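Protein chains in written order, with the working numbering: chain A, 10 to 463; chain C, 312 to 790; chain R, 3 to 308.
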Amino acid sequence: MRLKTKLFGTLYSFKDVNDVLAKANEEKSGDQLAGLAASSLTEMIAAKEVLSNLTLADLRNHPAVPYEQDEVTRIIQDQVNEKIYAGIKNWTLAEFREWLLSDQADCRSIGRVSRGLTSEMIAGVTKLMSNLDLVYAANKIEVLAHCNTTIGHKGTLGFRLQPNHTTDDPDGIRISTFEGLSYGVGDAVIGLNPVNDSVDSVATVLRMFQEIKETYEIPTQICVLAHVTTQMDAVRQGAPADLIFQSIAGSEKGNKAFGLDGALMAEARDLVLREGTSTGPNVLYFETGQGSELSSDAHHGVDQVTMEARCYGFAKKFQPFLVNTVVGFIGPEYLYDAKQVTRAGLEDHFMGKLTGLPMGVDACYTNHMKTDQNDIENLAMLLSTAGCTYFMGIPQGDDIMLNYQCTGYHDASSLRQLLGLHPVREFEQWLEKMGFMENGRLGQLAGDASTFIR
Amino acid sequence: MEDTIVSVGIDIGTSTTQLVFSRLILKNMASLVSVPQIKIMAKEVIFTSEVHQTPLLSATEIDSPAVRAIVEAEYKRAGMTPEHVDTGAVIITGETARKSNASEVLKTLSGLAGEFVVATAGPALESIIAGKGAHADALSRERGAVVANLDIGGGTTNIAVFKNGEVIDTCCMDIGGRLVKFNEKGCVSYSSHKVGQLAQHLGLSLSQMQPLSTQQMQGLAEAMATILAQVLGCEPATELTRIMATDRLLSLDYAIDYISFSGGVAECMNQENSTPYENPLIFGDLGVYLGRALAQSAIGKRYQIVEAEQTIRATVVGAGSHTTSISGSTISYASQALPLQNLPVLKFSAEEEALPYWDWEQAIGKKLHWFALEEEQQVPALAFRGPKAPGFDAIQEIAGAIIRAMGPRLEPGVPLVVVVENDLAKALGQALQAITGPTRLIVCIDAIAVNQGDYIDIGTPVAHGNVVPVIVKTLALGY
Amino acid sequence: MISEQQIKSIIDEVIKTLSPGAEGVGGGSHMAPAETMTATTAASQNNQPPEEESFLEDLAAVDLRKELLVPGANNPEMYLKLKETTPARLGIWHCGPRPLTRSLLRFRADHAVAQDAVFTDVSDEFLASIGVETIQSCCRDKDEFLTRPDLGRKLPEDQGKKLQAICPENATVQIYIADGLSSTAVETNAMDTYRALVQGLKGMGIEPNPLFFLRYGRVPSMDVISELITPKITVLLIGERPGLATGESMSCYMAYESSTAQPESNRTVISNIHKGGTPAVEAGAHIAGVVKKMLEQKASGLNLKL
């Protein structure tokens, strides 16, 4: 394993694999805040060069956080199919990149290789790829998951309906939900981020969603994104839930800060399978985002792309229905501007897909970042081209509760029409029945939430 | 954070007397890191009394000791004492309200009911309360529709029209099941003056102790049903219909989508579902006939009828569950000033409120003067909408104007009461106190909309002292 | 595309449904589209003032909750009624799959004002008008403040000395203002809240320490500051990260015997102080009540019973 190289005559040497991984990263303010970033662009390229010569085995043998120390590492390592791994372990990361982009690598073969990978390998190859590489390779991968409906088919683009409200006001949530449905949003899930994390409040919203889903016979799934334990209590008390949600991190310590571990997630999955209202077998919903480990001081001196990849390795174990990165939510100290958010969105989507997850993206930004809605529209177009599984749908992209902006109700039909994509099939049929969609375009009644009133 | 308050509703009607206990669940809707925002989240009836005959001493007098005995017995049956009750309303509805000793009855009861607030109702408020108890308001909100509820009792029919959950019209008719009473032989034992006029139109005379044939009874009931159909616009209103109104008819400048019926007579309409009354005179009055006539009337042909959630109990449930609202959650009050009952309201008009603050003193003064001429000596609660998110200086100016205008009129020990709509009561109360010094009792609450001519009751604080229960007694809608 | 006829009918609809609730002169902001429309038609017909002297409606003044752009909605009244319950951008209709120009520009306007709130410094004029001393955290500029949260909580030595010169030690209550993530929030709300708070404190017989302003300050700065001047209670008024609808939102953080050794849960927070949330003066009066409870219970944060 060689950790040194010369570039333009200057010698660059790196401490260890983590140091190479960190410095090979495209520029991210979070890596700078953590003191891990390359000090110059040439040092970054030198690190990429060193990284491209490491083998998959080098990365397997040097997990970002030691096996003994960290549950997430153990889950990732123990999931590896040793036979498949043995067949690829001598590939350098350069070769791995080239194979992924080659015509030999199709959905099936990538799916097979995926089972021999660790998250560090996935993060490593990502750092060698350009933006177009990330779009091109991700587009090959189809990952399906089934809850009440099937998500992830090629040619489809799903949307989560996110009818958030500043006080969880039932009428406010209801009208937002109705309008989103009328724009063709909500095939991935109807999911609220609640203000109030109490069991009662979560159960109340779940019952309202269930009532809407049943009254209008909507083929989709529902979820309230409270803490996992709150949702579990609500389900135990009889509240209807199709999915259980949780934010996850790429280290045991990070997960602990979120109040969870692997055993709890297994228990949650078991609970929905037994007492949930969905068909399954995929009944969990995870969110991630670069920088969350650093913000809870749980990054172990590892860069944010690698930690993010490890989230996906952890998620895979629990066969989720939905996983998305909330890519620009955390702020400029982690992703400074539009360029960094765009890169992170493409990285996360590709890494999730390569891990074998039905990967969606919350393409978003906060108002203290140097980004605007145009940048997020750009990212959404790139990701749609990359075959992103789903985005968020919020009234005009303005989340009044979480105070950030992302893709809006209008973006659903815009992106689908632009690229010839469809909602989840059963949902599309429902939209047509309701008059919200006609021949792949918005229908007569689209945009009128009061269609549902009376 | 959840908190509950217990509310009692007592309805003393022309024919029946009932009581319910309701639980109002209060919840802080704001996140933990915000100023509290306490709202009534749910209302549930936790105890319903028997339906008692209203005890009467004579045709014009309620037997108040007997009413008190009924209420005491029901308290006992419910396992409640007056100390359990935070708020509530007693209403004397229908014809009875015009009977001689209504206020004495209220006095008899108010002692029993502890500190809770007691309300007499006018016809408009009765209609609204019954409509809410019947859930017509909720239905209109759910369906985004116009729903008219007819609460047909012994003495009156109270109609409330709701659109998208808000009341838009009310009226009260002298039509009810017990305006004529019969003895077991079918002879008239009592008839009201107005129903006598109605009978006259039909060429009938309702003489005391004279028998009425079944056909005559049906004819009378059908005439009553026709009048209600006219009120609802099924056919043009005649002079007779105008005579039968206690005040005014519905304006009908809206299209009604649904009709619901509540009150005792509504129970007699739905004969497929309940045991048919083989003996139509089972109650000794016209109720069964009136119910049947309504079921056959033009109303059902013209409009879609929806079942009310409460029929005979609509008014009492309305009184128990739907009369109390709560103030905003940042308010100022001197605990020792509460509860306050039957406070007349002096409300700034929109024009007065648009005046610069330095002119408020004079405007308030003028209103107070005018008020003193019309009403008794009581100093009213001052009400205005208030600016939205005012600055600190604006609050000081408003407080100054109020104190200069009202201060001289307040006896020592009499609380200064200010009721506003927008969220500013805590800051305003603090500013008022800064001017008066600590001795003056001040009650300054917000999130309450009142109109000129309303009366207001303010209860003792609930939800850790964050809010006070409020009952606004609307005597007439601002049509 | 929607025709002019349709637009007119939408506007008529909106006005019709709203006119009963129309209030005063300034309150009728939803009337603006009609006014603009009549103004332009009138100008083209009569000899009204030339176009360059008139101005267009203030897009940002329109109350979005009261505006419905859906032509021929199934139930416009109920739509508006439900819209009243949420600040979400609903009922905005579409051209093809995209939002109307009006909604697009309003969104951009709201984002612009939010970004200005973050990236602009609290002005010297404002600070001069309130007459308080300014101290500065370890951040050199806004950019460093945004990317280095660790520096926004610390004071360089000279600034610490300056603080000690302004504020006597061991006061009962120390109030200060920091820009945080919204200078606009501070300029709009801080003084109304501060003055109402001081009026409330005086009513309880408490005279707070002199007010000061911390530039490039984050919330944990209150621990560092409290350690230097040791007040019983520290109250920080700080600009919140702006949302689109809430660029003016301010928070208040309070702590009893605040110090770097205390956990974050020692802080009591009141957020969402702005004209669309808790009005500034009302928040100030409320905070005075909270301070009183802190003094009585000698506690704050999770240990405080409100």
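We treat Cβ as the ideally placed atom computed from N, Cα and C, and that holds for glycine.
None of these values were measured; they are calculated from a predicted model.
- Contact note: Met520 (chain C) does not reach chain A at a C-beta cutoff of 9 Å; the least C-beta distance is about 53 Å.
- Straight through space, the alpha carbons of Ala540 (chain C) and Gln615 (chain C) are spaced by roughly 13 Å.
- Interface flag for Thr280 (chain R) against chain C is set, since a Cβ pair is found closer than 8 Å.
- Contact check for Thr626 (chain C) against Asp462 (chain C) passes: the beta carbons are separated by less than 8 Å.
- Take the alpha-carbon of Leu651 (chain C) and the one of Val781 (chain C): they are about 10 Å apart.
- Residue R:Leu246 holds the alpha-carbon nearest to the alpha-carbon of Gly406 (chain A) among R:Ala116, R:Thr136, R:Leu246, R:Gly154.
- Leaving aside the five residues that flank Met368 (chain A) on each side, the residues in its chain whose CB is nearer than 6 Å to its CB run, in chain order, Val332, His358, Gly361, Lys362, Thr398.
- Here Thr262 (chain R) is exposed, its C-beta having fewer than 16 other C-beta atoms within 10 Å.
- Taking a beta-carbon distance threshold of 8 Å, Gly442 (chain C) does not count as an interface residue toward chain R.
- The DSSP-derived three-state label of Phe436 (chain A) is helix.
- When the five nearest sequence neighbours on each side are left out, the beta carbons in the same chain lying within less than 8 Å of the beta carbon of Met217 (chain A) are those of Pro179, Ile182, Arg183, in order along the chain.
- Between Ala630 (chain C) and Ile321 (chain C), the gap from beta carbon to beta carbon is short of 8 Å.
- Apart from the 5 residues on each side of it in sequence, Lys98 (chain A) sits with its Cβ closer than 6 Å to the Cβ of Leu65, Ala66 in its chain, given in chain order.
- Beta-carbon to beta-carbon, Val233 (chain A) and Leu201 (chain A) are separated by about 5 Å, close enough to satisfy the 8 Å threshold.
- DSSP places Gln349 (chain A) in the helix class (H, G or I) of the three-state scheme.
- For Pro667 (chain C), none of the residues of chain R pass the 9 Å Cβ criterion, the least Cβ distance being about 13 Å.
- Within chain R, the residues placing a beta-carbon under 8 Å from that of Asp734 (chain C) are Thr280, Pro281, Glu284, ordered along the chain.
- Going by DSSP, Glu284 (chain A) is part of no beta strand (DSSP E) but of the alpha helix (DSSP H) stretching over 271-284.
- Contact check for Leu109 (chain A) against Val134 (chain A) passes: the beta carbons are separated by less than 8 Å.
- Between the segment 208-215 of chain R and the segment 174-182 of chain R there are three or more C-beta pairs closer than 8 Å, enough to call the two in contact.
- Judged by their CB atoms, Gly487 (chain C) and Gly464 (chain C) are nearer to each other than the 8 Å cut-off.
- Where Gly740 (chain C) is concerned, the enclosing alpha helix (DSSP H) starts and stops at 736-747.
- Excluding residues up to 5 positions away in sequence, Lys492, Phe493, Asn494, Glu495, Ser500 lie with their Cβ nearer than 8 Å to the Cβ of Gly595 (chain C) in the same chain.
- According to the DSSP assignment, Phe695 (chain C) belongs to the beta strand (DSSP E) that extends over 692-695.
- Per DSSP, Pro179 (chain A) is not a residue of any beta strand (DSSP E); the alpha helix (DSSP H) it occupies stretches across 179-191.
- The beta carbons of Asp397 (chain C) and Cys482 (chain C) sit about 32 Å from each other, so the pair does not count as a contact at 8 Å.
- Counting only the Cα atoms, Ala447 (chain C) lies some 7 Å from Ala619 (chain C).
- Annotation: Lys149 (chain A) is outside any alpha helix (DSSP H) and is labelled neither H nor E by DSSP.
- Put simply, of A:Tyr374, A:Asn157, A:Gln438, A:Leu366 the residue whose alpha carbon is nearest the alpha carbon of Gln117 (chain R) is A:Tyr374.
- Shown here, Arg117 (chain A) sits in a helix according to DSSP, grouped into three states.
- In terms of beta-carbon proximity, Thr239 (chain A) stays away from the interface with chain C, with every pair separated by 8 Å or more.
- The bridge partners DSSP lists for Glu355 (chain C) are C:Arg334.
- Look at Asp768 (chain C) here: in three-state DSSP terms it is strand.
- Residue pairing by DSSP places Arg169 (chain A) opposite A:Val198, A:Met401 in a beta bridge.
- Chain-ordered listing is empty here: chain A has no CB closer than 9 Å to the CB of Ala566 (chain C), the nearest sitting near 13 Å.
- Legend: CB atoms of the segment 336-348 of chain C lying less than 8 Å from CB atoms of chain A belong to residues Met340, Ala341, Ser342, Gln348.
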